[in-house]
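>
Number of protein chains: 6
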Amino acid sequence: MRPSQRQPNEMRQIRLTRDYTMHAEGSALVEFGETKVICTASVAQGVPRFLRDSNKGWVTAEYGMLPRATHERTQREATRGNQGGRTFEIQRLIGRSLRAMINVEAIRDYTITIDCDVIQADGGTRTAAITGACVALIDAVRYMQQKRMITKDPIRGLVSAVSVGIYNNVPILDLDYKEDSNAEVDMNIVMTDRGEFIEVQGTGEQRAFSQQELNQLIELGKHGIEHLFNLQKEALGWVTESA
Amino acid sequence: MRPSQRQPNEMRQIRLTRDYTMHAEGSALVEFGETKVICTASVAQGVPRFLRDSNKGWVTAEYGMLPRATHERTQREATRGNQGGRTFEIQRLIGRSLRAMINVEAIRDYTITIDCDVIQADGGTRTAAITGACVALIDAVRYMQQKRMITKDPIRGLVSAVSVGIYNNVPILDLDYKEDSNAEVDMNIVMTDRGEFIEVQGTGEQRAFSQQELNQLIELGKHGIEHLFNLQKEALGWVTESA
Amino acid sequence: MRPSQRQPNEMRQIRLTRDYTMHAEGSALVEFGETKVICTASVAQGVPRFLRDSNKGWVTAEYGMLPRATHERTQREATRGNQGGRTFEIQRLIGRSLRAMINVEAIRDYTITIDCDVIQADGGTRTAAITGACVALIDAVRYMQQKRMITKDPIRGLVSAVSVGIYNNVPILDLDYKEDSNAEVDMNIVMTDRGEFIEVQGTGEQRAFSQQELNQLIELGKHGIEHLFNLQKEALGWVTESA
Amino acid sequence: MRPSQRQPNEMRQIRLTRDYTMHAEGSALVEFGETKVICTASVAQGVPRFLRDSNKGWVTAEYGMLPRATHERTQREATRGNQGGRTFEIQRLIGRSLRAMINVEAIRDYTITIDCDVIQADGGTRTAAITGACVALIDAVRYMQQKRMITKDPIRGLVSAVSVGIYNNVPILDLDYKEDSNAEVDMNIVMTDRGEFIEVQGTGEQRAFSQQELNQLIELGKHGIEHLFNLQKEALGWVTESA
Amino acid sequence: MRPSQRQPNEMRQIRLTRDYTMHAEGSALVEFGETKVICTASVAQGVPRFLRDSNKGWVTAEYGMLPRATHERTQREATRGNQGGRTFEIQRLIGRSLRAMINVEAIRDYTITIDCDVIQADGGTRTAAITGACVALIDAVRYMQQKRMITKDPIRGLVSAVSVGIYNNVPILDLDYKEDSNAEVDMNIVMTDRGEFIEVQGTGEQRAFSQQELNQLIELGKHGIEHLFNLQKEALGWVTESA
Amino acid sequence: MRPSQRQPNEMRQIRLTRDYTMHAEGSALVEFGETKVICTASVAQGVPRFLRDSNKGWVTAEYGMLPRATHERTQREATRGNQGGRTFEIQRLIGRSLRAMINVEAIRDYTITIDCDVIQADGGTRTAAITGACVALIDAVRYMQQKRMITKDPIRGLVSAVSVGIYNNVPILDLDYKEDSNAEVDMNIVMTDRGEFIEVQGTGEQRAFSQQELNQLIELGKHGIEHLFNLQKEALGWVTESA
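Residue numbers (this note's numbering), protein chains in the order written: chain A, 1 to 243; chain B, 244 to 486; chain C, 487 to 729; chain D, 730 to 972; chain E, 973 to 1215; chain F, 1216 to 1458.
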């Protein structure tokens, strides 16, 4: 039995609140149960140095946590003087994932910066962040189209992410903090809405895992991600809400 | 006429949402119109080095802004590697203001850290932060009393803060961003609920100001702060909501 | 009775030594009793990024303390790796105060950097710094006029500053370190020589203060600042030394 | 055809030079073709703060690159003032992988730090580092046993790692720099010598990948890692060199 | 002919003002012509970690420059975030030189920190700093003896330093800034008052130098340092002032 | 008797391995006994800001140590966040020494960066680094000539360096770590192959030294450096290997 009382393949309640803040070109509050992340997409002219004269635009991500988003207060990275390894790892993952849904040639000369700030953490913040950021990014791109900053639609499709893991030798979906911190194996899966993988990151935290377990985890992740695509489409108004 | 269409002595709509997050010992979301700040109070054992063997506890504050809380995205202080001068100035002001409402001898051996994180900025973030943090701090102290971490009530009273300024030669109350960035004079006032001052910080941004103007600004601030004390008392359940 | 044996409205001996160093375009050593600050004004071409294409020049200030300017040696900020919150607060105050005496349009394309370095501290370093920096700044501006770097006189008037406070429930003027560290209320006042305020920063360090006390402190500050303007004018040779 | 002229399932020449440096408790130079990494294992008393009073020891890793290990000189992280995101990501991967081969209860009170420094880079530095560090770590543990610092053998087995990827739509094994920088999909696999996974990190760099491609990549990785275990055992003298 | 019109073996006017500041246990202002350095010696209990349990005390030095001590304003190291290479080099030299005059066993459990802050620079700041710091250090040691913090006299003798160099192929003594920045060879010499060397640091800035030139420079340095010892002894009251 | 059993004037076995790495324009592994340093020379277009519009190129050096190059593991400077004073001192010495062998006008518009990374330390790393870097630098210059980046030969001659010291009152040559850490006096000498000095840096670590000792140390250094020039010439193929 899971600490959360959920079935192994049961997700937490997911909520996507579009246009959560007033200044950003695109924004969303994403909630995976008690995990809450504010995602904003900011459009700016110019590209990083390594893309100068490349005819490409750029999508990048930053990730942060409010100090008391966690059980114990964690030191503010701004007072520590730098971002930690975990932060770097997560924001690189979010950035790569979102670039997979964008044709960067179609946003040339622009950088879209995705900020994912966790205001409450209960496991799965990075996958929630990717799922919410996808919605914010699409709204920012629509803004660019309206303002005629770009002429071609750069969106290749949607991206969603979910965590899976092995807990008490049972593969489970969408781990909360309690489950995550005791899981034997932990995996984050990012997929496109065409059913292909962008990222598969599996880690044997307490023990190694077999080929069969790897297959089961991936199956479970696919199942959860399908659900997330439906919610994203509803939030974006692409489909009417399921009854 | 003010850009916000408000009367000179009219405040924005103020909202105080208590218990806004699940992990902190005390928390509140404070809204001054479109300015939104999450305030959390975290209790930890131990005191800073300069208070060792002093029989005193400590209350300190940190302040941050989500990168896209502002019109233009601002660089994350964690990526910049340090907090800026404005941040230091604000968190020192918040800390001093809150210490004025606490008898630090009565929380000996404990540090309460107040985190004020702006999720949307539209002027007056520091005074909103103080006003919200007061509520979070009281809840954290009540938590300490319930857990019998302290025996004596350390609360001396409430603290609220508001900004005033001179705009087009007219003293106005509770400036939003547009008003603030064009004000000739800018003043932050922090008071106790016994009608005394904790901080008065007036700055001639575009011109110097006369003794008479100083008096008018202070009068206006007192008026606004009275309203804030009523809202804090309602949020804390000390009075029933005004009809 | 004050620890310094002075009357409540009695200042320490103030000295302004103009042209204290050989390299700077303007410089002064300012002494408020045992508090000694070297102020230099350095002229350089160019303005900060946020003023590009604005037709404005800039005046900015930096503040430092020699490690053993204080009773106990304090760590050098250069070895610590950053400036502390107190330093930021002070240098922002000095910069704002000095900008109030300059028409920045008249120094377009130039930045004047004021460095205030405390070589001995005994209370009131920030107000001494402003008072001395005013003299250094005027000399730097005169240098610019002589070198025909600017054509219009940018000086709007003089600026002086003094600290006041409440000690043993008595409002006193120009606190030394011993008085300052035991004062109940602490206030810094910056004024123009036309009798208007640039900054009023009052803080209840040990207790809140009443409206009446606020008024008394301001009155005391005005009195002290009048004296400082006389000394600045003497140092600048605008008036002959008073008998 | 691969740029390296190798067959899709053909590895580069691998060399493991044990005891490469004189000071470390364990060390190895690992070469995957032109990629060369010095791995040292350093034993020290004490554990990180989060393990105090836990009865556990710790294994951690750091990763660096000589500035001219790469085609173009890269800035030294020590002059830049911090380690980059890529470095954090890699050293966290190495640390997790090596902890999987150690029973940390059996090295209580000790920390073993693995340093992996790339002296020449040609793709696959992180997987080479893990493979070489495994040998250095075993030697450091043997040293601890000889010195009677520990009584129980903490080694659970060997760990090896290899990179696989999709290049021109063909899954290939052990990518060099040229292949890696043009691969569509990139995957790092870390396994135990019992045929189980510790890490599977697959990234769609230029396009998403299908379930079938995921399976092929994993198959290829398993094949390569088997070869690495043979070489590690030879280097450690556990088997005699294959003819 | 030297730019300074001095004879090759002629020093600038040297002044040593003892007890220059009020807080430090020992202090001096040292002037080599227009080069002015404030030297303070601060006594504190405790020793650096590497000396724990060693029965030794420690003498260390820090060096700084006011931003406008130089012709052009230099960036404050505190705002830059770290000390530069030149600063490290100089403070290590000062520290080593002063430790040579102290028996560190006789100041066990104490650290004496020498701060040398240049308030005006005109060449030779590091040698002036050593010469002035020697006086400050002796006064700090006398303070420790009076306060009975130590029982044995730790002073082994005096230390002085001077710069020499080759300018227009002529060896010259005590270079000012103009001479120093055009010298072909530059050398700093630190000696004890028993005529032995503590440091000899010669650098061919614009060309290499011969054995004969090396000998001439050392001879010149000895000559200058003899004069400095006389001035130190006068300042310390060990001899009466020369007529 | 020396700990190393060598005669006072006997050097360790020196090895220079040219072209040690594949990417750098010039590279060498230099070994002074067990001290091993990788030296690379990297050519890049552009010069530092202070040389813009000067018609000069630049040669600069950086120095690093692998964490376990030493007996005890030392913290990585990249994790510490900055380079230490010792590192600055050494890389400035290396840079100055190598600039002495180059006519910087003849490499205008280019910067050559020398990286010296110690992979195993046993005393004398800085002098070994200079000796090895000289070879790497010559190869980088030859590369520039072949690629017609420069037209005039900028090489003025060779540069070598060695350490000498006084151990048990006996002047000795080429100290290893054990000797160095117990030497009374320590000196590094850098010379040109025309028999002139570039640097002489002598330090009385445990006691001051006399004029006679200074002369003996320099004599010993000259002797050692002569041997190094022969080895450099052999490595560069300028002379055939001595029988």
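Just so you know, even glycine gets a beta-carbon here, dropped at the ideal spot from N, CA and C.
1. So with CB distances below 8 Å, who are the chain C contacts of phenylalanine 452 of chain B?
2. Cβ closer than 8 Å: which chain C residues qualify as neighbours of threonine 1042 of chain E?
3. Taking the continuous alpha helix (DSSP H) assigned at alanine 1243 of chain F, which residues delimit it?
4. At 9 Å on the CB atoms, spell out the chain A contacts of leucine 949 of chain D, in chain order.
5. Let me know if alanine 1050 of chain E comes out buried or exposed under the rule of 16 or more other beta-carbons within 10 Å of its beta-carbon.
6. DSSP puts tryptophan 301 of chain B in a beta bridge; with which residues?
7. Evaluate glutamate 1394 of chain F with the Cβ neighbour count: other Cβ atoms within 10 Å of its Cβ, from every protein chain shown; 16 or more gives buried, anything less gives exposed.
8. If you draw a straight line from the C-alpha of alanine 964 of chain D to the C-alpha of isoleucine 831 of chain D, how long is it?
9. Does serine 490 of chain C come out as helix, strand or coil in the three-state DSSP assignment?
10. Using a C-beta to C-beta distance shorter than 7 Å, which residues of chain E count as neighbours of isoleucine 1304 of chain F?
11. Does the Cβ of methionine 587 of chain C lie closer than 8 Å to at least one heavy atom of the ligand ADP?
12. Let me know if asparagine 655 of chain C comes out buried or exposed under the rule of 16 or more other beta-carbons within 10 Å of its beta-carbon.
13. Grab the span of the beta strand (DSSP E) containing alanine 890 of chain D for me, first residue to last.
14. By alpha-carbon positions, which one of F/Ile1334, F/Glu1434, F/Ile1404 and F/Ala1343 ends up nearest to leucine 795 of chain D?
15. Whole angstroms is fine: what's the gap from glutamate 511 of chain C's alpha carbon to arginine 572 of chain C's?
16. Work out the CA separation of arginine 68 of chain A and valine 280 of chain B for me, nearest whole Å.
17. Name the chain A residues that come within less than 7 Å of threonine 932 of chain D, Cβ to Cβ?
18. Glutamate 517 of chain C and methionine 994 of chain E - do their beta-carbons sit closer together than 9 Å?
19. Is the Cβ-Cβ distance between alanine 61 of chain A and cysteine 116 of chain A less than 9 Å?
20. What does the alpha-carbon distance come out to for the pair serine 210 of chain A and threonine 1342 of chain F?
21. Using a Cβ-Cβ distance cut-off of 9 Å, determine whether alanine 243 of chain A contacts chain D.
22. Identify the contact partners of alanine 790 of chain D in chain A, using a Cβ-Cβ distance below 7 Å as the criterion.
23. Show which residues of chain C have a CB atom less than 7 Å away from the CB atom of arginine 1024 of chain E.
24. Quick check: what's the CA-CA separation for alanine 208 of chain A versus glutamate 925 of chain D?
25. Hey, how far is the Cα of glycine 933 of chain D from the Cα of valine 200 of chain A?
26. Please decide whether threonine 597 of chain C counts as near chain B, where near means a Cβ-Cβ distance under 9 Å.
27. Does the beta-carbon of threonine 483 of chain B have 16 or more other beta-carbons within 10 angstroms, so that it is buried, or is it exposed?
28. Tell me, please, whether the CB atom of methionine 551 of chain C is closer than 9 Å to any CB atom in chain B?
29. Are any of the Cβ atoms in chain D nearer than 9 Å to that of alanine 1243 of chain F?
30. Please determine if the region 1312 to 1327 of chain F and the region 1368 to 1377 of chain F are in contact, where contact requires at least 3 C-beta pairs separated by less than 8 Å.
31. So the alpha helix (DSSP H) threonine 127 of chain A belongs to, where does it begin and stop?
32. How many whole angstroms separate the CB atoms of methionine 191 of chain A and serine 160 of chain A, which I take to be in contact at a CB cut-off of 8 Å?
33. Residues in the same chain with beta-carbon distance under 7 Å from tryptophan 1273 of chain F, minus the five sequence neighbours each way, listed in chain order, please.
34. By the criterion of Cβ-Cβ separation under 8 Å, what are the contact partners of glutamine 1017 of chain E in chain C?
35. Within 10 Å of its beta-carbon, does alanine 243 of chain A have 16 or more other beta-carbons around it, so buried, or fewer, so exposed?
36. Count the other CB atoms, across all protein chains shown, that sit within 10 Å of the CB of glutamine 83 of chain A; report buried if there are 16 or more and exposed otherwise.
Let me spell this out:
1. For the purposes of this step, residue 452 of chain B is identified with residue 209 of the second sequence, where counting begins at 1. Chain C residues near phenylalanine 452 of chain B: Glu682 and Phe683.
2. Here the question's residue 1042 of chain E lines up with position 70 in the fifth sequence. Neighbours of threonine 1042 of chain E on chain C, chain order: His509.
3. Taking the sixth sequence and counting its residues from 1, the one referred to as residue 1243 of chain F is at position 28. For alanine 1243 of chain F, there is no enclosing alpha helix (DSSP H); the enclosing beta strand (DSSP E) covers residues 1241 to 1247.
4. The residue given as residue 949 of chain D occupies position 220 in the fourth sequence. Within 9 Å Cβ-Cβ: nothing; leucine 949 of chain D doesn't reach chain A, min ~13 Å.
5. Sequence index remark: in the fifth sequence, residue 1050 of chain E carries index 78 (1-based). Its Cβ being crowded by 16 or more others within 10 Å, alanine 1050 of chain E is buried.
6. To locate residue 301 of chain B, count along the second sequence from 1; it is residue 58. Paired residue(s): B/Thr354.
7. Here residue 1394 of chain F corresponds to residue number 179 of the sixth sequence, with the count starting at 1. It counts as buried.
8. Residue numbering aside, residue 964 of chain D sits at position 235 when the fourth sequence is read from its first letter. Residue numbering aside, residue 831 of chain D sits at position 102 when the fourth sequence is read from its first letter. Each residue's alpha carbon lies about 19 Å from the other.
9. Walking along the third sequence from the start, residue 490 of chain C turns up at place 4. In this structure, serine 490 of chain C counts as coil in the three-state DSSP scheme.
10. As a working mapping, residue 1304 of chain F is identified with position 89 in the sixth sequence. In the sequence under discussion, the amino acid at residue 1304 of chain F is glutamate, which differs from the isoleucine named in the question. Here the neighbours are Phe1060, Glu1061 and Arg1064.
11. The ligand ADP is absent from the structure shown, which contains no ligands of any kind.
12. Walking along the third sequence from the start, residue 655 of chain C turns up at place 169. Exposed, since its Cβ has fewer than 16 Cβ neighbours within 10 Å.
13. For the purposes of this step, residue 890 of chain D is taken as residue 161 along the fourth sequence, with counting starting at 1. 888 to 896 is the span of the beta strand (DSSP E), which, as asked, contains alanine 890 of chain D.
14. Taking the fourth sequence and counting its residues from 1, one reaches residue 795 of chain D at position 66. Residue F/Ile1334 is the option with its Cα nearest to leucine 795 of chain D.
15. Translated into positions along the third sequence, residue 511 of chain C becomes position 25. Translated into positions along the third sequence, residue 572 of chain C becomes position 86. If you take the alpha carbons of glutamate 511 of chain C and arginine 572 of chain C, they lie about 27 Å apart.
16. Along the second sequence, read from residue 1 onward, the residue named residue 280 of chain B stands at position 37. Along the first sequence, read from residue 1 onward, the residue named residue 68 of chain A stands at position 68. Looking at the two C-alpha atoms, the distance is approximately 14 Å.
17. Within the fourth sequence, residue 932 of chain D is the residue found at index 203, counting from 1. Against chain A, a Cβ distance below 7 Å from threonine 932 of chain D picks out Arg96 and Glu199.
18. Position 22 of the fifth sequence, counting from 1, holds the residue named residue 994 of chain E. Position 31 of the third sequence, counting from 1, holds the residue named residue 517 of chain C. With respect to glutamate 517 of chain C, methionine 994 of chain E sits apart: the two C-beta atoms are not nearer than 9 Å.
19. What you label residue 61 of chain A is simply residue 61 of the first sequence in a count that begins at 1. What you label residue 116 of chain A is simply residue 116 of the first sequence in a count that begins at 1. Yes.
20. Reading the first sequence from its first residue, position 210 is the one you call residue 210 of chain A. Reading the sixth sequence from its first residue, position 127 is the one you call residue 1342 of chain F. Roughly 54 Å separates the two Cα atoms.
21. As a first step, residue 243 of chain A must be located in the first sequence, where it is residue number 243. Residue confidence for alanine 243 of chain A is low, a pLDDT of 49 falling below 50, so the modelled location carries little weight; the figure read from the coordinates is stated next. No, its Cβ sits nowhere closer than 9 Å to a Cβ of chain D.
22. Reading the fourth sequence from its first residue, position 61 is the one you call residue 790 of chain D. Per Cβ cutoff of 7 Å: no residues; alanine 790 of chain D is ~11 Å from chain A at best.
23. Along the fifth sequence, read from residue 1 onward, the residue named residue 1024 of chain E stands at position 52. Under the 7 Å cutoff, chain C gives no residues; its nearest Cβ is about 20 Å from arginine 1024 of chain E.
24. Residue numbering aside, residue 208 of chain A sits at position 208 when the first sequence is read from its first letter. Residue numbering aside, residue 925 of chain D sits at position 196 when the fourth sequence is read from its first letter. The alpha-carbon atoms of alanine 208 of chain A and glutamate 925 of chain D are separated by roughly 6 Å.
25. In the fourth sequence, the residue the question calls residue 933 of chain D occupies position 204. In the first sequence, the residue the question calls residue 200 of chain A occupies position 200. Whole-angstrom Cα-Cα distance: 9 Å.
26. Counted from its first residue, the third sequence places residue 597 of chain C at position 111. At least 9 Å separates the CB of threonine 597 of chain C from every CB of chain B.
27. In the second sequence, the residue the question calls residue 483 of chain B occupies position 240. Looking at its Cβ environment, which holds fewer than 16 other Cβ atoms inside 10 Å, threonine 483 of chain B is exposed.
28. For the purposes of this step, residue 551 of chain C is identified with residue 65 of the third sequence, where counting begins at 1. By this cut-off, methionine 551 of chain C is not an interface position.
29. Taking the first residue of the sixth sequence as 1, we reach residue 1243 of chain F at position 28. Closer than 9 Å: no.
30. yes
31. Looking up residue 127 of chain A in the first sequence gives position 127. Per DSSP, threonine 127 of chain A belongs to the alpha helix (DSSP H) from 125 to 146.
32. Position 191 of the first sequence, counted from the start, is the residue given in the question as residue 191 of chain A. Position 160 of the first sequence, counted from the start, is the residue given in the question as residue 160 of chain A. Sure, about 6 Å apart at Cβ, within 8 Å.
33. The sequence position of residue 1273 of chain F within the sixth sequence is 58, counting from 1. Cβ neighbours of tryptophan 1273 of chain F beyond the five flanking positions: Val1262, Pro1263, Leu1266, Val1319 and Thr1326.
34. By 1-based counting over the fifth sequence, the position of residue 1017 of chain E is 45. Residues of chain C passing the Cβ test: none, with the nearest at roughly 12 Å.
35. As a working note, residue 243 of chain A is residue 243 in the first sequence. Interpretation of alanine 243 of chain A is limited by its pLDDT of 49, a score under 50 that renders its predicted location unreliable; the figure taken from the coordinates is listed afterwards. With fewer than 16 Cβ atoms within 10 Å of its Cβ, alanine 243 of chain A is classed as exposed.
36. Taking the first residue of the first sequence as 1, we reach residue 83 of chain A at position 83. Glutamine 83 of chain A should be labelled buried.
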